[in-house]
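Taking it in order: structure first as structure tokens, then the write-up.
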């Protein structure tokens with residue numbers, strides 16, 4: 010039966026308190042007609058103390074549209090992906106060649122070739138590594154990824170697989186959207202990566 014052997018996490022180096030992030034968002038959105046009372050109430054209600062962000066806060070003001078955000082996403086995602094996979098392999102005393110399948114899941118950035126294909130150029134996986142990208146599953150992505158890797162391992166019980174998940178939510182901020190849903194999500198989600206080693 011497939012089971013989890015170990016996990017690893019990685020975060021960007023840029024950590025900011027919730028107060029700092031809320032102050033920056035408030036300054037931008039107040040110029041666009043933000044209801045300050047609602048914003049303040051929602052930001053306090055999330056009870057998040059702080060978050061890791063993909064970029065220094067000053068860099069977000071320089072991003073101009075989806076292409077810039079996605080370029081930044083790819084750069085940070087590759088760095089975090091490489092780091093978290095290497096950490097996981099080190100924790101489990103495995104060599105990349107001992108992994109038969111790598112699945113990546115994300116909802117916050119898009120890349121072709123896929124993330125795990127690009128990581129093949131950074132980590133010495135076997136050339137016949139099976140790669141599976143999953144995109145767009147949102148908050149369910151990690152659970153769905155574990156289930157799909159488990160399905161694979163049921164058919165390949167002697168193999169080992171890694172599930173990599175990377176979400177850089179700060180790069181998906183909708184600066185023009187003052188909806189309640191966007192204000193709430195701007196107060197909740199940070200950036201990071203996780204990797205899970207599973208065996209059959």
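In this note's numbering, the protein residues as written are 10 to 209. For glycine and all other residues, C-beta sits at the position ideal for the given N, C-alpha and C. Remember, it's a predicted structure, so these values are computed and weren't measured experimentally.
Opening and closing residue of the beta strand (DSSP E) in which residue i lies
i, result
"residue 143", "139 to 144"
"residue 60", "59 to 62"
Per DSSP, the bridge partner or partners of residue i
i, result
"residue 177", "200"
"residue 205", "16 and 172"
"residue 115", "144"
"residue 24", "61"
Delimiting residues of the alpha helix (DSSP H) encompassing residue i
i, result
"residue 10", "Looking at the DSSP string, residue 10 is not in any alpha helix (DSSP H), and its letter there is neither H nor E."
"residue 152", "150 to 164"
"residue 69", "66 to 69"
"residue 45", "45 to 54"
"residue 86", "75 to 100"
Inter-residue CB distance, residue i and residue j (contact presumed, cutoff 8 Å)
i, j, result
"residue 15", "residue 97", "6 Å"
"residue 60", "residue 199", "3 Å"
"residue 196", "residue 51", "6 Å"
"residue 169", "residue 206", "6 Å"
"residue 36", "residue 66", "Between residue 66 and residue 36 the Cβ distance is about 11 Å, and since that is not below 8 Å, they are no contact."
"residue 43", "residue 87", "Wrong, their Cβ atoms sit about 34 Å apart, outside the cutoff."
Close Cβ partners of residue i (< 6 Å) along its chain, the five nearest in sequence each way excluded
i, result
"residue 159", "11"
"residue 93", "17, 19, 202 and 204"
"residue 131", "91"
"residue 83", "120"
"residue 181", "117"
Coarse secondary structure for residue i, derived from DSSP in three states
i, result
"residue 132", "coil"
"residue 123", "coil"
Own chain partners of residue i with C-beta closer than 8 Å, once the 5 adjacent residues on each side are dropped
i, result
"residue 106", "133, 134 and 135"
"residue 100", "15 and 17"
"residue 123", "113, 140 and 142"
"residue 27", "52, 55, 57, 58, 59, 60 and 196"
"residue 13", "155, 205, 206 and 207"
"residue 147", "116"
"residue 193", "51 and 55"
Close Cβ partners of residue i (< 7 Å) along its chain, the five nearest in sequence each way excluded
i, result
"residue 126", "140"
"residue 166", "209"
"residue 154", "112, 114, 143, 172 and 174"
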